[in-house]
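Visitor: Numbering (the working numbering), first residue to last: 7 to 268. Ideal Cβ positions, reconstructed from N, Cα and C, are used throughout, including at glycine.
1) Span of the beta strand (DSSP E) holding residue 111?
2) Are the CB atoms of residue 175 and residue 100 within a distance shorter than 8 Å?
3) Run the proximity test for residue 62: is its beta-carbon closer than 7 Å to any non-hydrogen atom belonging to the ligand HEM?
4) Identify which residue in 187, 184 and 203 has its Cα closest to the Cα of residue 163.
5) Per DSSP, which residues does residue 146 bridge with? Please list them.
6) For residue 188, which residues of its own chain have a beta-carbon under 8 Å away from its beta-carbon, when the five flanking residues on both sides are left out?
7) If you measure between the beta carbons of residue 178 and residue 144, is that distance less than 8 Å?
8) Can you tell me which of the three DSSP states residue 99 falls into?
9) Provide the residue(s) that pair with residue 240 in DSSP beta bridges, ordered along the chain.
10) Can you tell me whether DSSP reads residue 152 as helix, strand or coil?
11) Within a Cβ cutoff of 7 Å, which residues of the same chain sit near residue 140, ignoring the five residues on either side of it in sequence?
12) Can you tell me the Cα-Cα spacing of residue 93 and residue 224, whole angstroms?
13) Output yes or no for whether 8 Å exceeds the beta carbon distance between residue 245 and residue 120.
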């Protein structure tokens, strides 16, 4: 940067300060856009200080975004406590847990989704922490655009449920506990899981593409989208939604508040 340019930059800054209490944003922007070597020279002369400042600014921005998201999430939950979501709960669906349980959790999930596998572990914690108080309803929400085995895995569950609702959850446990095998072997693994659960394989194969199975999956996915779920997993805990693989404490907060209100 030559002395003529330095003088010009100094004069521009001085003029902006004389014209007002401080230079405007547009003046500073114009100055830097027309003289990018100012920034380049500063970075070259003070790289460590500038990188440290950028990292701190990035961390502060992330913290602010996280705090904003947490506030919005809490506000949404508070609103849903007052105005609960109302999923359909047909009597002929496959439920896990006692019919008179005070808390019903509807799960919109994808057997191939890694976050759903994590949420499966959280649900195991929930069931252990609240024995006899939780009824779970699996609903299919396969993300077919990114998970090639998700739709077939959902069909197997629903086809098994037509035979035996308890066996359907044996299959559910097996698939989530062995997701790596689903990724490796696809439908061969689903066949093994269905047989292990006790399914009549001949009947299952007939039912896989039946209207009873396909219509149920379409209805479940449509309901998830109606509630604003754009990915998996999603949960509705007695009317209050959880959008993602949140930790046990999030479920506990909602369940405890619901139980206290009852």
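Guide: On the basis of the supplied data:
1) 109 to 115
2) yes
3) For the ligand HEM, the structure offers nothing, since it holds no ligand at all.
4) For the options 187, 184 and 203, the alpha carbon positioned closest to that of residue 163 is the one of 203.
5) Answer is 115.
6) So the list reads 117, 118, 155, 159, 181, 195 and 196, once near-sequence residues are dropped.
7) yes
8) coil
9) 114 and 249
10) coil
11) Apart from sequence neighbours up to five positions away, the residues of its chain that approach residue 140 with a beta-carbon distance below 7 Å are 103, 107, 109, 111, 132 and 133, ordered along the chain.
12) 14 Å
13) no
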